[in-house]
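Following UniProt numbering from start to finish, the sequence shown increments by one per residue and tops out at 432.
Here's the structure we're looking at; comments come further down.
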Amino acid sequence: MAMLWKFMRVARYSKTALPPKIKVRGIPTHSRQSVPSDFAASVPCSSTVEVFGKSYPRDDYTNITEKILSKVGKNLHNKKHHPLWLIKEQVKDHFYKQYTGRRGNPLFSVYDGLSPVVTVQQNFDKLLVPRDHASRRKEDNYYLNRDHMLRAHTSAHQWDLIHSGLDAFLAVGDVYRRDTIDSTHYPVFHQMEGVRLFSCHELFSSIKDGESFQLFEQGHRTAHKQECHTMEAVRLVEFNLKQVLTKLMTHIFGDGLQVRWVDCYFPFTHPSFEMEINFQGEWLEVLGCGVMEQQLVNSAGAQDKIGWAFGLGLERLAMILYDIPDIRLFWSEDERFLKQFIVPHISQKIKFQPLSRYPPLINDISFWLPTETYSKNDFYDLARSVGGDLIEKVVLLDEYTHPKTKKVSHCYRIVYRHPERTLTQNEDLLSA
Numbered sequence: 001m002a003m004l005w006k007f008m009r010v011a012r013y014s015k016t017a018l019p020p021k022i023k024v025r026g027i028p029t030h031s032r033q034s035v036p037s038d039f040a041a042s043v044p045c046s047s048t049v050e051v052f053g054k055s056y057p058r059d060d061y062t063n064i065t066e067k068i069l070s071k072v073g074k075n076l077h078n079k080k081h082h083p084l085w086l087i088k089e090q091v092k093d094h095f096y097k098q099y100t101g102r103r104g105n106p107l108f109s110v111y112d113g114l115s116p117v118v119t120v121q122q123n124f125d126k127l128l129v130p131r132d133h134a135s136r137r138k139e140d141n142y143y144l145n146r147d148h149m150l151r152a153h154t155s156a157h158q159w160d161l162i163h164s165g166l167d168a169f170l171a172v173g174d175v176y177r178r179d180t181i182d183s184t185h186y187p188v189f190h191q192m193e194g195v196r197l198f199s200c201h202e203l204f205s206s207i208k209d210g211e212s213f214q215l216f217e218q219g220h221r222t223a224h225k226q227e228c229h230t231m232e233a234v235r236l237v238e239f240n241l242k243q244v245l246t247k248l249m250t251h252i253f254g255d256g257l258q259v260r261w262v263d264c265y266f267p268f269t270h271p272s273f274e275m276e277i278n279f280q281g282e283w284l285e286v287l288g289c290g291v292m293e294q295q296l297v298n299s300a301g302a303q304d305k306i307g308w309a310f311g312l313g314l315e316r317l318a319m320i321l322y323d324i325p326d327i328r329l330f331w332s333e334d335e336r337f338l339k340q341f342i343v344p345h346i347s348q349k350i351k352f353q354p355l356s357r358y359p360p361l362i363n364d365i366s367f368w369l370p371t372e373t374y375s376k377n378d379f380y381d382l383a384r385s386v387g388g389d390l391i392e393k394v395v396l397l398d399e400y401t402h403p404k405t406k407k408v409s410h411c412y413r414i415v416y417r418h419p420e421r422t423l424t425q426n427e428d429l430l431s432a
């Protein structure tokens, strides 16, 4: 699953792991103005990168490509009847109807128009990601410069939204990660972040003798709790989290859904879990979640509350639910694809009818690696910049080290196949 929640877990064990993530109460609808991509971002022939009309000075960390900048501002999750919009609207509708305040207003507010340009502090530091954590690497992120980047996950907005006084919200948006090239990975994808905070009264009010329980204690960190949380509080928060997410997935995939929870690691939650569902006889991981690290909550100004957070990928859910085989299709403007999702109700069952399977064109390429700092994602970015969405998959076939010079060469196989039509003669020449 191509989202940072999962990458955080993988990178916990391997430094070289490649990534496969202000409300006024009662007014939950927010601005979702979309900036047309033609005007959203550009790479001028100067020492700056321009995004949404603002200039960012280039430095030794700048690695964003023109191809990626052309995607900024597309906001597929806000395009009516797009499959990602359908998933977002289903989740939003469920939360609005299922969770309400005292006056019947939706408890959760939704933010789906936040800028994808964030600071490194927002994306990593405020989420307690260690300075030497593998998820920070240039090889895996798109940096405008040392201080600014395209968000790698919607968690980048957690701290700011909590600091503004929110205690229940969903944040939705496009996220960016340098990644491998295949049918399930794309450098731009879409995430939804959910956060819920509880005061002592909110958590224990429905429990018999609940007034005798506390949120915090001075204890020890274990596999099941943080050092500052009471076991009673953690158990209730964890129960609420799993109940909320089980109801959500049942709402999307239907009654009788089998669910299981896998213990894992994320820097910003503990304990942490991955949720898996059994869909059509196969266990599939759909999201990451956990009890929020209290240090994060405290630093955002909510010292008297405890909470949970989750992160899910919209593409992941849409590919499972609608049986969409290739992630590139989400960027298609072909009416044969888009019209399949024009339905009268957001929860209507849709079975994607695949476009014809066009023949692939395969090309192998080998070269000496240019520098010691080279990474495979450098080549993937170059391939995407040149071949764009004509490239279906890139695979590293072979790695060779010269016995005398110790220079290293890579051999890659590039599979070209347009998701909607046969390649033209000029496109065939591109791959030659």
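We treat Cβ as the ideally placed atom computed from N, Cα and C, and that holds for glycine.
Nothing here was measured: the structure is a model prediction, and the numbers come from that model.
Check, Outcome
"Check whether Tyr-56 and His-148 have beta carbons under 7 Å apart", "yes"
"N-terminal and C-terminal residue of the beta strand (DSSP E) that Phe-367 is part of", "361-368"
"Residues that Glu-217 bridges to, as DSSP identifies them", "DSSP output for Glu-217 lists no bridge partner at all."
"Cβ neighbour criterion (16 or more within 10 Å) applied to Gln-280", "exposed"
"Those residues which DSSP pairs with Asn-278 across a bridge", "Gln-258, Trp-283"
"Arg-146 - DSSP class collapsed to helix/strand/coil", "coil"
"Candidates Asn-363, Ser-332, Arg-336, Ala-318, of which the one nearest Lys-349 by Cα", "Ala-318"
"CB contact flag (Cys-228, Phe-213, <7 Å)", "no"
"Touching by the beta-carbon criterion (3+ pairs, under 8 Å), the region 358-366 and the region 95-102", "no"
"Gly-256 classed as buried or exposed, judged by whether at least 16 other C-beta atoms fall within 10 angstroms", "exposed"
"Pairwise C-alpha distance: Gly-288 and Asp-174", "17 Å"
"Test item: CB-CB of residue 433 and His-94 under 7 Å", "Residue coverage of the chain in this structure runs from 1 to 432, which leaves residue 433 outside it and unanswerable."
"First through last residue of the beta strand (DSSP E) which encompasses Phe-310", "306-313"
"Supposed contact pair Arg-136 and Phe-124 - C-beta distance, whole angstroms, cut 8 Å", "6 Å"
"Which of helix, strand or coil DSSP assigns to Thr-154", "helix"
"Residue environment, Arg-336, which counts as buried when at least 16 other CB atoms sit within 10 Å", "exposed"
"Reduced DSSP category for Cys-228 - H, G, I as helix; E, B as strand; rest coil", "coil"
"CB contact check: Tyr-96 to chain B, cutoff 7 Å", "Of the protein chains in the structure, only one exists, and it is not chain B."
"Which residues DSSP lists as bridging Arg-413, in chain order", "Asp-364, Val-395"
"Ser-272 in three-state terms, based on DSSP", "strand"
"Residues near Asn-63 in its chain [Cβ-Cβ closer than 7 Å; skip 5 each side]", "Lys-138, Tyr-142, Tyr-143"
"Three-state secondary structure (DSSP) of Phe-379", "helix"
"Touch test, the region 323-330 against the region 246-266, Cβ-Cβ under 8 Å, three pairs minimum", "no"
"Exposure of Asp-38, with buried meaning 16 or more beta-carbon neighbours within 10 Å", "Residue confidence for Asp-38 is low, a pLDDT of 40 falling below 50, so the modelled location carries little weight; the figure read from the coordinates is stated next. Exposed, because fewer than 16 other Cβ atoms sit within 10 Å of the Cβ of Asp-38."
"Distance CB(Gly-311)-CB(Glu-193) smaller than 7 Å", "yes"
"Nearest neighbour of Val-91, chosen from Glu-276, Val-386, Phe-169 [CA to CA]", "Phe-169"
"Contact check, Pro-267 vs His-224, beta carbons under 7 Å", "no"
"Within 7 Å, strictly: CB atoms of Leu-166 and Leu-296", "no"
"Inter-residue CB distance, Lys-305 and Phe-198 (contact presumed, cutoff 8 Å)", "6 Å"
"Residue burial classification, Glu-399 (beta-carbon count within 10 angstroms, cutoff 16)", "exposed"
"Given Arg-178 as reference, the closest of Thr-405, Arg-235, Lys-376, Val-120 once Cα atoms are compared", "Lys-376"
"Alpha-carbon spacing of Thr-422 relative to Leu-390, whole angstroms", "10 Å"
"Segment contact flag, the region 113-123 with the region 146-160, C-beta cutoff 8 Å, min 3 pairs", "yes"
"Gly-73 to Gly-388 span [Cα, whole Å]", "18 Å"
"Coarse secondary structure for Leu-197, derived from DSSP in three states", "strand"
"As assigned by DSSP and simplified to three states, the class of Lys-21", "Caution applies to Lys-21, whose pLDDT of 32 falls short of 50 and renders its modelled position unreliable; the model cannot decide the point."
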